[in-house]
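Protein chains in written order, with my numbering: chain A, -12 to 99; chain B, 4 to 114. Note that beta-carbon positions come from the ideal geometry of N, C-alpha and C, so glycine has one too. Predicted model only: the values in this text are computed from it and were never measured. Just below is one structure, and these are the notes that go with it.
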């Protein structure tokens, strides 16, 4: 297994456009998480899946954000009508139960 | 939610020196984890340590859950240890899967 994969690594988009990020977790991991990290801060929780069920969403996740994990495998995070404040590193992680997280390399979003 | 405080915020070490990083929690936690974020942004899980002491090479960690703190020890530091060290833990009840991260300790190891 090559770990958690995220695609794309970098994304530059114009304000108002929609963007979608993909995360492929470690295959035997049943839990998948999305976090957002801005410069100089620690990652902030966005949402979490156990298998295909989205069990929790942060208040940070406005109506413009949606995440899916069809069939409990890969996950996508979509941001609609992007704003400059959405510029950040979007991190995906997976785990088996409550054991340690494995993070992907992240997708850096820049909204211009 | 819980508050996570890390100290020191910044640390500069000469190669070969030892250091101790501290993480304090406002509430009891389980599933405490330490991460290293390298200069390229990759977060690496160092330890999953809800209690007790673990060692991995030059790194070791101790968590005293009843006193709400954890320590990360780095011995014989190397330039590759540079980066930001985060501790994170969920609240003991409720959303145990959601990690709350501290603001990190930024470490620079010089030659």
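Residue environment for residue 26 of chain A: exposed (fewer than 16 other C-beta atoms within 10 angstroms of its C-beta).
Under the DSSP assignment, residue 57 of chain B falls in the beta strand (DSSP E) whose first and last residues are 55 to 59. In the displayed model, residue 83 of chain B falls within a helix according to three-state DSSP. The continuous beta strand (DSSP E) containing residue 37 of chain B extends over residues 36 to 40.
Nearest to residue 89 of chain B by alpha-carbon distance, out of B/20, B/64, B/54 and B/113, is B/64.
In the same chain as residue 52 of chain A, and ignoring 5 residues on each side of it, the C-beta atoms closer than 6 Å to its own belong to 66, in chain order. The beta-bridge partner set that DSSP reports for residue 50 of chain B consists of B/37. Per the Cβ contact rule, the segment 25 to 37 of chain B is in contact with the segment 68 to 77 of chain B (3 or more Cβ pairs under 8 Å). Remark: three or more beta-carbon pairs, one from each stretch, lie closer than 8 Å, so the segment -2 to 16 of chain A and the segment 82 to 96 of chain A are flagged as touching. Counting along the chain, the unbroken beta strand (DSSP E) around residue 109 of chain B starts and ends at 108 to 113. Judged by their CB atoms, residue 14 of chain B and residue 110 of chain B are nearer to each other than the 8 Å cut-off. Interface flag for residue 28 of chain A against chain B is set, since a Cβ pair is found closer than 8 Å. Within the DSSP secondary-structure output, residue 27 of chain B pairs in a beta bridge with B/8 and B/72. When the alpha-carbon of residue 78 of chain B is set against those of B/24, B/9 and B/7, the nearest one is in B/24. The residue among A/-7, A/47, A/44 and A/37 with its C-alpha nearest the C-alpha of residue 8 of chain A is A/-7. With a threshold of 8 Å between beta carbons, residue 62 of chain A makes no contact with chain B. Here residue 85 of chain B has 42, 110, 111 and 112 as same chain residues with Cβ atoms under 7 Å from its own Cβ, once five neighbours each way along the sequence are excluded. Burial is judged here by how many other beta carbons sit within 10 angstroms of a residue's own beta carbon; residue 52 of chain B has at least 16 and is buried. Rounded to whole angstroms, the Cβ separation of residue 63 of chain A and residue -10 of chain A is 18 Å, and the two are not in contact under 8 Å. Counting the other CB atoms within 10 Å of its CB gives residue 81 of chain A a total of 16 or more, which places it among the buried residues. Listed along chain B are 36, 38, 46, 48, 51, 91 and 102, each with a C-beta nearer than 9 Å to that of residue 88 of chain A. Rounded to whole angstroms, the separation of the alpha carbons of residue 104 of chain B and residue 91 of chain B is 4 Å. The alpha-carbon of residue 86 of chain A is positioned some 16 Å away from that of residue 46 of chain B.
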